[in-house]
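Numbering of the sequence shown is given in the numbering used here, commencing with residue 380 and proceeding in unit increments.
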Amino acid sequence: MKGNIPPEVLSAAGHPQSVAKVVSSLSNNNYLTIKQLSEDCGLSVSQVSSGLKQCRFRGWVLSTQGAVRGKGRPRHLWELKVSPLELIRELETEAKTKHVILANAVKRLRTELEK
Numbered sequence: 380m381k382g383n384i385p386p387e388v389l390s391a392a393g394h395p396q397s398v399a400k401v402v403s404s405l406s407n408n409n410y411l412t413i414k415q416l417s418e419d420c421g422l423s424v425s426q427v428s429s430g431l432k433q434c435r436f437r438g439w440v441l442s443t444q445g446a447v448r449g450k451g452r453p454r455h456l457w458e459l460k461v462s463p464l465e466l467i468r469e470l471e472t473e474a475k476t477k478h479v480i481l482a483n484a485v486k487r488l489r490t491e492l493e494k
């Protein structure tokens, strides 16, 4: 299931622009090469590669080998491994966890300062 994930959503959640734009592009397109992602995102190939590395670490993207055109190495085609809804749920869980951690830290600090 595809759905548009605006890059602003991931940026607001603290993810780098490269991750935000790669996820947004893949949420609108199936099976893109790094070069196609670079063109679609308006990022350099190295920025896209960095974004894909972070997305792969999180389990958000999957790479498959595409057919070779003539001589050369097989093309790697990228796609979202998780649905946009799953990704949004993960971001919500992270945001709630960060909020709890921050609230506890503030509470401890307040207790220390009031002594």
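Heads up, the beta-carbon is just placed ideally off N, CA and C, and yes, glycines get one too.
Boundaries of the alpha helix (DSSP H) around residue 418: 413 to 420. One thing to note: residue 397 has its Cβ within 9 Å of the Cβ of residue 430. The Cβ neighbour count for residue 426, taken over all protein chains shown within 10 Å, is at least 16; the residue is labelled buried. Residues 454 and 456 of the same chain have their beta carbon placed closer than 6 Å to that of residue 445, with the five preceding and five following residues left out of the count. A Cβ-Cβ distance of about 6 Å is found for the pair residue 403 and residue 385, placing them in contact under the 8 Å criterion.
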